[in-house]
Each structure stands twice: as structure tokens, then as C-alpha cells.
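Here's the structure, in C-alpha cells; my notes come after.
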Amino acid sequence: MMRPKILSLVPRAAGAYRTMSTTTKLTTVEVNDKTGIATLTMNRPPVNGLNLDLLRDLRQSIAEIEGNKSRGLILTSSNPTIFSAGLDIMEMYKPDKERVRAFWTALQDAWLALYGSSVPTAAAINGHSPAGGCLLATSCEYRVMLPKFTIGLNETKLGIVAPMWFMSSFLSVLPRREAERALNQGRMFTTDEALQIGLVDEAASSKEEALEKCAQFIGTFAKVNPIARALTKQQFRSAELEQLESERAQDLEKFLFFINQPAVQKGLGIYLESLKKKAKN
Amino acid sequence: MSTATKLTTVEVNDKTGIATLTLNRPPINALNVELLHDLYQSIKEIENNKSRGLILTSSNDKVFSAGLDINEMYRPDKDRARLLWTKLQDVWLALYGCALPTAAAINGHAPAGGCLLATSCEYRVILPQCRIGLNEIQLGLVPPIFCMFNFLNVLPRRLAERALVQGRIFTTEQALQIGLVDDVASSKEEALEKCSQFIGTFAQTNPLARSLTKLKFRGADLQRFENERSKELESFLAFVDHPQMQEDLGIYLEGLKKRNRN
Chain P
160 MMRPKILSLV PRAAGAYRTM STTTKLTTVE VNDKTGIATL TMNRPPVNGL NLDLLRDLRQ
220 SIAEIEGNKS RGLILTSSNP TIFSAGLDIM EMYKPDKERV RAFWTALQDA WLALYGSSVP
280 TAAAINGHSP AGGCLLATSC EYRVMLPKFT IGLNETKLGI VAPMWFMSSF LSVLPRREAE
340 RALNQGRMFT TDEALQIGLV DEAASSKEEA LEKCAQFIGT FAKVNPIARA LTKQQFRSAE
400 LEQLESERAQ DLEKFLFFIN QPAVQKGLGI YLESLKKKAK N
Chain F
146 MSTATKLTTV EVNDKTGIAT LTLNRPPINA LNVELLHDLY QSIKEIENNK SRGLILTSSN
206 DKVFSAGLDI NEMYRPDKDR ARLLWTKLQD VWLALYGCAL PTAAAINGHA PAGGCLLATS
266 CEYRVILPQC RIGLNEIQLG LVPPIFCMFN FLNVLPRRLA ERALVQGRIF TTEQALQIGL
326 VDDVASSKEE ALEKCSQFIG TFAQTNPLAR SLTKLKFRGA DLQRFENERS KELESFLAFV
386 DHPQMQEDLG IYLEGLKKRN RN
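If you read the sequences in order, they're chains P and F. For the first sequence, the positions run 160 to 440 when the numbering used here is used. For the second sequence, the positions run 146 to 407 when the numbering used here is used.
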């Protein structure tokens with residue numbers, strides 16, 4: 160039921176929106192004057208690798224969008240072929256102790272902010288979206304993807320165990336049977352496969368069309384009271400959010416323990432070597 | 146056997162042993178204190194008379210149930226509002242946790258509380274050109290937690306969350322396609338027959354083993370609700386007490402009156 164206390168604290172969506180464009184270092188936020196919908200663009204060349212700085216900017220941008228009373232949030236990328244390549248391996252390979260702590264904490268913060276966001280969220284997936292890229296997309300409420308790209312949580316293929324909350328995002332989108340299988344397999348889905356299984360909701364032929372379809376989804380809430388909407392979404396997602404909140408210290412320690420295993424470091428080293436070779440060719 | 150309390154009827158088919166529970170509060174089976182009370186009594190009666198199953202339907206040929214009676218929430222007497230919500234909670238616990246096989250023959254529109262009743266059952270058959278959905282949020286209400294339990298029990302999670310936050314109403318075809326209902330029938334008789342067939346699938350099943358298995362699936366929801374029901378009641382009372390909500394409900398009721406005049 161509606162909680163009047165919260166109702167009185169948060170004003171109803173105001174009528175006028177100002178166009179606003181702010182740039183932190185690695186993300187941009189633009190609010191459409193007409194629709195009141197904010198587009199959050201990841202902009203860290205070359206592949207939107209999620210490093211400490213991008214994660215911090217992402218989280219700050221989400222908070223900014225919630226604070227400026229936008230009607231919704233669309234997450235997209237400035238890169239024409241990659242939505243986000245996921246976690247930046249450089250943050251995990253022979254890491255500085257303090258920095259790797261801050262890095263994982265920033266990832267936890269970004270997930271809590273996006274998965275638990277009070278505004279309607281949608282991802283315009285305008286490029287490949289493996290691992291952390293897929294995590295961001297599945298933390299939103301709606302996904303539109305461009306043709307001939309791939310998406311999935313392929314952590315196991317890289318020898319990494321996706322934490323519990325990656326599973327939470329996946330389970331909020333896929334049927335349990337499909338989610339478990341895909342995570343264990345580290346499976347990457349093509350746009351067509353993702354559409355068929357329900358991992359994405361729609362396909363679009365261009366970034367513009369994807370943004371438009373995301374805006375249409377957010378438009379379905381035009382007549383819905385924003386507070387009632389936020390509380391209803393929270394009802395669905397609070398258990399997973401609370402779980403990470405209560406376990407985040409252990410979650411961090413688990414990650415640090417894992418990443419410091421010599422075998423893991425060796426594996427990451429080999430992977431980075433192969434990336435460098437590929438880049439040279 | 147046929148017993149009539151005021152607003153529901155129970156008829157047990159002699160041959161099949163299946164009980165049909167009919168909602169009968171004209172004009173639209175709006176759920177007020179009395180109807181909820183009778184509904185609860187009828188569910189318990191059916192459980193106790195060793196029926197083989199329960200089919201929920203409506204005597205109205207256009208509306209299964211229009212959901213909670215808004216008049217009960219508009220400027221309510223405090224004790225009466227408390228009673229209304231407690232009865233609704235009781236009905237949900239009784240129907241969702243019913244030991245018998247349950248099915249809904251949805252022979253008319255089923256918005257909000259009507260959809261809640263239908264999705265508390267194990268099987269749903271709907272007639273063409275009906276509308277069904279949990280649209281509470283369209284009225285500015287946060288759907289209570291048992292709405293979420295019911296939807297998650299019937300729909301995939303992604304679709305359940307989206308439908309509840311949108312307050313979406315589905316047509317017969319959409320409901321069938323998404324799995325919100327299991328079958329479509331062309332008449333009420335056919336709907337009742339299909340519900341009977343579903344209940345008939347348990348003929349070879351031990352009733353106790355069946356009900357304990359059903360409870361395994363639903364026990365966590367029922368338990369969580371029992372733990373939270375007093376808190377849940379208080380938040381409903383705080384909600385109906387809110388001036389903005391009363392104003393909205395007043396406007397809504399005015400609109401209904403105007404529509405009825407035209």
C-alpha cells in the first residue's frame with residue numbers, strides 16, 4: 160500500500176523540464192526537454208571498459224537523474240559497435256590493493272543504484288554487451304538491441320565467477336531454467352537469440368530507433384503515479400538489493416580472495432596478451 | 146447441495162463432487178465487507194464438505210468481479226475500513242492456500258481485485274472479449290504484496306514486474322498468449338466444463354499429498370504474508386486516510402456516476 164509519508168516527501172513529477180546536459184568525465188546526461196527522459200551515455204573509449212572512474216561517473220549520473228526529477232533513464236553508449244565490454248581487466252590484473260577495493264565497491268554501488276533506481280529504466284544496447292555490459296543492461300526494466308551484436312554473462316568463460324547479484328539481474332529477466340543454464344555456460348546470445356529468449360524485449364535497426372523505443376516504454380508510465388510505481392518496483396527488487404547490502408563486505412572479500420589467486424592472475428595475463436596481439440593485427 | 150449465504154452461492158455437482166462458488170453481488174460483484182465475508186465462508190465450507198475441487202465464477206454475464214468496492218474506501222468509517230482489509234487478507238489466505246484444486250471460470254471482466262481472485266486459483270479459463278489485470282497503480286494505489294505473489298506464481302518474473310508497475314489490463318487474447326490465463330472458452334458452460342476437466346486431472350492423485358505439494362510451492366508466500374499482515378493493514382489504513390487519495394477516489398467515483406448516467 161501507498162506510504163503517505165513518502166508521498167508527502169517526494170513531490171509529484173513537476174510539469175516543466177529543463178534541457179540539461181552535464182558531463183562528468185566519462186558519462187554524459189542529456190534530458191529531453193519535451194519528454195523529460197534522461198539519456199545516460201557511457202563514453203570511455205575504446206570499449207567502455209568499466210574501470211573505477213567510469214563506474215563512479217555512472218553512479219553519479221544515475222543519482223543526478225533521480226535527483227533532477229527526470230521521467231525515466233535510458234542507458235546507452237557513444238561507441239557505435241560496443242555498448243560496454245564489461246569490467247576493465249586492467250583493474251583486476253596485478254592490481255593495487257586499495258584501488259581494487261575501491262573498484263569492486265564502485266561496481267556494487269553502480270548496480271545498487273541502477274537495479275534499484277526509482278525512475279523507469281531502459282537500455283538502448285547499440286553494440287556488443289558481454290559480461291558487465293550485460294549486467295548493466297539487465298539491471299534496467301527494458302532492453303532494445305541493435306542487430307548483429309552479442310550479449311550475455313560470459314564470466315565463466317573467462318574463469319571468473321559472477322557474484323550473486325549478477326544472478327539477481329539475470330533472474331529478473333530470464334526464466335530460472337534459462338538463467339541458470341546461460342550463466343553456467345557463460346553463453347553469449349546474438350540479437351536474434353536474445354530477442355527470442357526474452358533477454359531483450361525488442362530489436363531496432365538504428366540507435367535512434369532504439370532510443371525511441373526505449374522512450375516509448377518509459378511513456379507507458381505517463382499516467383502512473385511515480386511514487387506508487389517506485390514502491391511497486393521496489394516490492395519486486397528489494398530482496399536482492401537487501402541481500403547485497405547486508406553481504407557487501409563479504410562479497411568484496413570474496414572477490415579480493417579470488418582475484419589474488421595466482422592461477423586467476425595467470426589466466427588474466429594470458430587473456431591480456433591475446434588482446435594485445437589481436438589489437439596489433 | 147446448494148447453500149446460499151447472502152452474496153455467494155455454493156453448488157456441489159453430485160456426479161463430479163466439484164463445488165461451484167458463484168459471486169452474486171449486483172451490479173458488478175464489487176468486493177465489499179459482506180461479499181468478502183461470504184466468499185471466505187464459502188471457501189471454508191467447500192474445503193470442509195470434502196468437495197473434489199472449487200470453481201470460482203460470477204452470476205453476472207459481463208463482469209467476473211470489478212475488484213474492491215471503492216465506496217468502502219471513500220471516506221470510510223475507521224473500523225469498517227479495518228474490517229474490509231482484514232476480510233480481503235483472509236480471503237486471499239484462504240483461496241491462495243486452499244487445500245483443494247481451484248480454478249476460475251472468468252466469465253466477464255476481471256480488473257484489480259477480480260484478477261487477484263482469479264490468479265489465486267490454480268487454473269484460469271476466460272471468455273472472449275474480456276479484460277483482466279492488476280491495474281491498482283492506475284488508480285494511484287500500490288498493489289499489495291499478495292498481488293505480486295499471485296502474479297509471480299502465474300507469469301514470468303520480467304512480465305509480472307512490468308505488468309504490475311504499468312497497471313496493465315490484458316485482453317483475452319493477450320492474457321492467453323502471456324500465460325495469465327490457461328484456456329479460452331466460448332461460453333460460461335464451456336468454461337465451467339474446462340475447469341472441471343482441469344480438476345479431473347487430479348482424480349488419481351492422493352488429495353493429502355496433492356495439497357501438501359501445493360503448499361510447498363505457496364507456503365513461503367503465505368508465511369511471509371502472515372508475518373507482515375498487521376503491518377500491511379496499517380499501511381492500507383494510512384493510505385485511505387491520506388487526503389490526496391481521498392480526493393482522487395472522490396474524483397474517480399464522480400466519473401463513474403457520470404458514466405452510469407450516460
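Glycine included, every Cβ here is placed at the ideal spot set by N, Cα and C.
- Residue 196 of chain P and residue 273 of chain P have their C-alpha atoms spaced approximately 15 Å apart.
- Here residue 200 of chain P has 186, 187, 235, 236 and 237 as same chain residues with Cβ atoms under 7 Å from its own Cβ, once five neighbours each way along the sequence are excluded.
- Taking the beta carbon of residue 391 of chain P as reference, the chain F residues within 7 Å of it are 282, 287, 288, 309 and 310, listed in sequence order.
- Just so you know, the alpha carbons of residue 213 of chain P and residue 296 of chain P end up roughly 16 Å apart.
- In terms of Cβ geometry, residue 354 of chain P and residue 269 of chain P do not form a close pair [threshold 9 Å].
- CA-CA distance, residue 388 of chain F to residue 315 of chain F, rounds to 31 Å.
- With a threshold of 9 Å between beta carbons, residue 274 of chain P makes no contact with chain F.
- Taken through DSSP and simplified to helix, strand or coil, residue 293 of chain F comes out as helix.
- Under the three-state reduction of DSSP output, residue 387 of chain F falls in the coil class, being neither helix nor strand.
- Take residue 300 of chain F, set aside five residues on each side of it, and the residues of its chain with a beta-carbon closer than 8 Å to its own are 308, 323, 324 and 325, in chain order.
- Bounds of the beta strand (DSSP E) holding residue 309 of chain P are 309–311.
- According to the DSSP secondary-structure assignment, residue 233 of chain P is paired through a beta bridge with P:198 and P:281.
- Residues of the region 303–335 of chain P that bring their beta carbon within less than 9 Å of a beta carbon in chain F comprise 330, 331, 332, 333, 334 and 335, in sequence order.
- Within its own chain, the residues whose Cβ lies closer than 6 Å to the Cβ of residue 343 of chain F, once the five positions on either side in sequence are excluded, are 248 and 268, listed in chain order.
- The continuous alpha helix (DSSP H) containing residue 291 of chain P extends over residues 291–298.
- Excluding its 5 nearest sequence neighbours in each direction, residue 423 of chain P has C-beta neighbours in its own chain below 7 Å: 318 and 417, listed in chain order.
- Interface residue (Cβ-Cβ distance to chain P less than 9 Å): residue 355 of chain F is not classified as such.
- In the DSSP assignment, residue 241 of chain F falls within the alpha helix (DSSP H) that extends over 223–241.
- Per DSSP, the continuous beta strand (DSSP E) segment holding residue 156 of chain F begins and ends at 153–157.
- Under a 10 Å Cβ-count criterion, residue 253 of chain F is classified as buried, with 16 or more other Cβ atoms of the shown protein chains found around its own Cβ.
- Interface criterion not met: the Cβ of residue 246 of chain F is under 9 Å from no Cβ in chain P.
- Taking all protein chains in view, the Cβ of residue 362 of chain F is surrounded by fewer than 16 other Cβ atoms within 10 Å, so the residue is classified as exposed.
- At a cut-off of 9 Å between C-beta atoms, residue 406 of chain F does not count as an interface residue with respect to chain P.
- Annotated as proximal: residue 198 of chain P and residue 233 of chain P, with beta-carbon spacing under 9 Å.
- Judged by DSSP secondary structure, residue 200 of chain F falls outside any alpha helix (DSSP H) and instead within the beta strand (DSSP E) spanning 198–203.
- By the C-beta density criterion, residue 251 of chain P is buried, having at least 16 other C-beta atoms within 10 angstroms.
- Taking 9 Å as the CB threshold, residue 220 of chain F stays off the interface with chain P.
- By the CB criterion at 9 Å, residue 377 of chain F and residue 234 of chain F fall inside the cutoff.
- Straight through space, the alpha carbons of residue 403 of chain P and residue 410 of chain P are spaced by roughly 8 Å.
- With a cutoff of 9 Å on beta-carbon distance, residue 398 of chain F and residue 215 of chain F are scored as near each other.
- Excluding sequence positions up to five before and after residue 181 of chain F, its CB lies within less than 8 Å of the CB of 229, 232, 233, 235 and 236, all in the same chain and listed in chain order.
- Collapsing the DSSP output to three states places residue 255 of chain F in a strand.
- Between residue 301 of chain F and chain P, the shortest Cβ-Cβ separation is below 9 Å.
- Going by beta carbons, residue 167 of chain F and residue 155 of chain F fall inside the 9 Å limit.
- Three or more pairs of CB atoms, one per stretch, sit closer than 8 Å, so the region 274–286 of chain P contacts the region 384–400 of chain P.
- Of all residues in the region 357–383 of chain P, only 357, 379, 380, 382 and 383 come within less than 7 Å of chain F when Cβ atoms are compared, listed by chain position.
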